[in-house]
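What follows is one structure encoded as structure tokens, with my remarks underneath.
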Amino acid sequence: MSKVYLALQDNEESHSIVEAVEEDNPNATVIYQPAMIRIENEGQLVINRETVEEKMGRDWEVQALHVNLITLGGNVDEDDDTLTLTWKD
Amino acid sequence: MSTRKLSLKDKYRILTRDLEWEYSYRDYREIFKQEAFEGIKITDWSKWEDPFRLTMDAYWKYQAEKEKKLYAIFDAFAQNNGQQNVTDARYVNAIKLFLTGVSPLEYQAYNGFAHVGRQFGGVGARVACQMQSLDELRHVQTQIHAMSHYNKFFDGFQDFTHMHDRVWYLSVPKSFFDDARSAGPFEFMVAIGFSFEYVLTNLLFVPFMSGAAYNGDMATVTFGFSAQSDEARHMTLGLEIIKFLLEQHPDNVPVVQRWINKWLWRGTRVLTLVAMMMDYMLPNKVMSWKESFEVYFEEAASALFKDLARYGIEMPRYAETAILEKEHVSHQAWSIFYNYTHAAAFHTWMPDDKEMDWLSEKYPDTFDKYYRARFEHWRELERAGERYYNPTLPMLCQTCQIPMGFTEMDNPTLTAYRQSVYQGERYNFCSDGCKDIFDHEPEKYVQAWLPVHQIFQGNCGGPDIEDVLGDYYRINLGVDNMDFHGSPDEARWNAWHNLQPAEDKLKQAS
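So the protein sequences, as listed, match chains Y and W. For the first sequence, our numbering assigns the number 34 to the initial residue and increments by one for each residue that follows. For the second sequence, our numbering assigns the number 37 to the initial residue and increments by one for each residue that follows.
What follows is the structure, encoded as structure tokens:
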């Protein structure tokens, strides 16, 4: 299975997103590099709006991910509640 | 009255698909003239998917937020004299190369997406291209803005658009985009939207930008990551267009495969510049070019091509060569620029002992074996006051336009050299990849504006080197060019930090 990945700018908002991703994807690996945080996982990564909102303590739209996103790898599917990255193999 | 919020999917449908209309009094083929000539068959544009379902209102909202954050940091950088806080002044030369070589490509991408967006019959693709076009314009603007601050304190930034159109090494990135933009709309999308954005720009905008951060360059890392946040969307668009083309008709598969082969190779050649920026121009090291290539090309591309295998798409033809070359290209490119620094608008230098050791550690199979001795020799010459500059003009590859300095991967001491004859004329190439690209479309590549040929033909300002470099390229001779040691950049930096000039250090050492 190939790895999907996501890289975020290393800032306060991202820390909440990373926390949420870690909680919802227990097998994901989080790598801290200068100014950025890379999260990778075999096959799939899910970001749930609800979990991020809980970590941030406020409302958050999935599309707001773009503000802190650096790059990603995998097939994207996004709706109001989740963003999913997958490789189908 | 309560307003009900539309779901993302409904909003996307209404604000993109609903903008389409029936073409009742004009023929479709007359409106979208370029849609068919490349041999791509589209049967149903409504199958086009934008996984982010981004609409114009959300686009403006989030882009505005990105810009506010970005400009706050530019202001802070300028107000706090950020130029004095980078690791050392050598680093700034990477940024010079960025402004002269890369930022104009953002402008070309803006033009390119504006053009191809008009050529597609599907409204989803048109809207996505429109947003990407605006993104690219934002990138070139923010990059010029960020680097204009460096222009106040360092040499070599002042004439970047003029230089981009003329200077020999800048013809490499320029001709890459010219090639893509003069192709048909679908080839442009595969070239730039897919091959470049999805597979290659990560190498520039992720590890290099992380390196910029690690070298104290807050402005560059911020524009880099801000641009790359748009790239994440572009990458997704690039992948969607590939899947869309492959799903539309089986006849599209071989056409797309050939474009992927071509543009992956063209792209890896352009990224040679980034390879040497990573390995030689970042005083504080984050990761080597080889390591970056392994993560962002080998790992990412193999996942991608495994995913595309279900359509009958294979790993690009020259990927194997590109993977072998990760051990060599940064050292070979730095050698070329060290040779020709008198003809460049930025400075080069030989790595110091600590940097050489880092290269040995990161390239255990190649650096000591093939490159260290040459570099130490050059350093000796410099210490003896005879810094080596190559007085000849190099032969260029007809396709990628890089001087013929790459070597055979089964014998890295032998320069790779290929030829083709077309209509009685002989053409030279640096690799099988570049030769095959030429052989498929010789009528296109014989028109290449090769800087060295143009100099010899007398089209670049005159017969003397000063005519070419000074008048035609507008390099400030003795200021923008030559080795970093002894440059006005170095003198200013030393004055800011009360440092001893390198020359005095050398004298003391000897």
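Every residue gets a Cβ at the ideal spot worked out from N, C-alpha and C, and that includes glycine. Computed from a prediction, not measured in an experiment: that's the story for all the values here.
Using 8 Å as the threshold, is the C-beta distance between Met167(W) and Leu90(W) below it? Closer than 8 Å, so yes.
What are the start and end residues of the beta strand (DSSP E) that includes Met69(Y)? Per DSSP, the unbroken beta strand (DSSP E) holding Met69(Y) starts and ends at 69-75.
Local Cβ density within 10 Å of Glu397(W), reported as buried at 16 or more and exposed below that: Counting of Cβ neighbours within 10 angstroms places Glu397(W) among the exposed residues, the total staying below 16.
Determine the closest residue to Ser211(W) out of Thr402(W), Arg302(W), Ala311(W), Glu223(W), with distance taken between C-alpha atoms. Among Thr402(W), Arg302(W), Ala311(W), Glu223(W), the Cα nearest to that of Ser211(W) belongs to Arg302(W).
Just list the residues that DSSP pairs Leu116(Y) with in beta bridges. Its beta-bridge partners are Ile80(Y), Glu111(Y).
Asp113(Y): contacting residues in chain W (beta-carbon distance under 7 Å): Within 7 Å Cβ-Cβ: Ser43, Leu44.
Using only alpha-carbon positions, find the residue among Leu535(W), Asp525(W), Gln536(W), Asp540(W) that is nearest to Phe547(W). Given a span of 37 to 546 for chain W in the structure shown, any question on residue 547(W) remains unanswerable.
For Val63(Y), which residues from the same chain have a beta carbon less than 7 Å from its beta carbon, with the 5 sequence-adjacent residues on both sides left out? Within the same chain, Cβ atoms closer than 7 Å to the Cβ of Val63(Y) are found at Val51, Glu55, Ile70, Ile72, the five residues on either side in sequence being excluded.
Determine whether the Cβ of Met69(Y) lies closer than 8 Å to any Cβ atom of chain W. Closer than 8 Å: yes.
Along chain Y, in chain order, which residues have C-beta atoms closer than 7 Å to that of Ala249(W)? Correct list: Pro67, Ala68.
Pull up the DSSP beta-bridge partners for Ser2(W), would you. Given a span of 37 to 546 for chain W in the structure shown, any question on residue 2(W) remains unanswerable.
Specify whether the region 390-406 of chain W and the region 318-326 of chain W touch according to this definition: at least 3 beta carbon pairs, one from each stretch, less than 8 Å apart. Look at the beta carbons and you see the region 390-406 of chain W touching the region 318-326 of chain W: at least three pairs across the two are nearer than 8 Å.
Quick one: using the 10 Å Cβ neighbour count with 16 as the cut-off for buried, is Trp57(W) buried or exposed? Classification for Trp57(W): exposed.
Start and end of the alpha helix (DSSP H) containing Glu356(W)? Note, Glu356(W): alpha helix (DSSP H), 355-361.
Using beta carbons (cut-off 8 Å, strictly below), is Thr272(W) in contact with chain Y? So, interface residue.
Proximity test, Cβ basis, 8 Å: Tyr98(W) and chain Y: Closer than 8 Å to the CB of Tyr98(W) there is at least one CB belonging to chain Y.
Residues near Phe232(W) by beta carbon distance below 6 Å, same chain, minus five either side: So the list reads Gly303, once near-sequence residues are dropped.
So, under 8 Å CB-CB, Thr178(W) and Ser262(W) are touching, yes? Tell me the CB distance rounded to an integer number of Å. Right, the Cβ-Cβ distance comes to about 7 Å (below 8 Å), so this counts as a contact.
Contact list for Leu105(Y) against chain W, beta-carbon separation under 9 Å: Chain W residues near Leu105(Y): Ala268, Met271, Thr272.
Verify whether the separation of the beta carbon atoms of Asp171(W) and Asp266(W) is less than 8 Å. Less than 8 Å separates the beta-carbon of Asp171(W) from that of Asp266(W).
What residues from chain Y crowd round Gln264(W), counting only those whose CB sits closer than 7 Å? At a beta-carbon threshold of 7 Å, the residues of chain Y lying near Gln264(W) are Ile103, Thr104, ordered along the chain.
What is the residue span of the alpha helix (DSSP H) that Pro478(W) lies within? Unbroken alpha helix (DSSP H) run through Pro478(W): 478-481.
At the level of alpha carbons, what is the spacing between Ala336(W) and Gly107(Y)? Looking at the two C-alpha atoms, the distance is approximately 9 Å.
CB of Leu594(W) within 8 Å of CB of Ile491(W), strictly: Examination of residue 594(W) is not possible in this model, given that chain W is present from 37 through 546 alone.
Trp204(W), buried or exposed, once every other Cβ within 10 Å from all chains shown has been counted against 16: So Trp204(W) ends up on the buried side.
Would the beta-carbon of Tyr59(W) fall within 8 Å of that of Ile67(W)? Taking 8 Å as the cut-off, the Cβ atoms of Tyr59(W) and Ile67(W) count as close.
Measure the Cβ-Cβ separation of Tyr425(W) and His367(W) and say whether it is below 8 Å. The beta carbons of Tyr425(W) and His367(W) sit no closer together than 8 Å.
Give the secondary structure of Phe474(W) by DSSP, where H, G and I count as helix, E and B as strand, and everything else as coil. Three-state DSSP puts Phe474(W) in a helix.
How many angstroms separate the CA atom of Ala380(W) from the CA atom of Asp516(W)? When rounded, the separation of the alpha-carbon atoms in Ala380(W) and Asp516(W) is 8 Å.
List the residues of chain W whose Cβ lies closer than 8 Å to the Cβ of Val100(Y), in chain order. Simply Tyr98, Glu101, Lys102, Lys105, Ser265.
Proximal residues of chain Y, C-beta to C-beta of Asn547(W) below 7 Å: Any question about residue 547(W) goes unanswered here, given that chain W covers just 37 to 546.
Taking the CB atoms as reference points, tell me whether Leu236(W) and Ile76(W) lie closer together than 8 Å. No, Cβ-Cβ distance for Leu236(W) and Ile76(W) is not below 8 Å.
Give me, in chain order, the residues of the same chain whose beta-carbon lies closer than 7 Å to that of Met183(W); leave out the 5 immediate sequence neighbours on both sides. If we look at Met183(W) and ignore the five residues flanking it on each side, its Cβ neighbours are Ile131, Leu135, Phe193.
Helix, strand or coil: how does DSSP classify Gly106(Y) here? Strand at Gly106(Y).
Whole-angstrom C-beta distance between Val292(W) and Leu240(W), which should lie under 8 Å: Not a contact, Cβ separation roughly 24 Å.
Per DSSP, what kind of secondary structure is Gln493(W) in: helix, strand or coil? Residue state, collapsed to three classes: coil.
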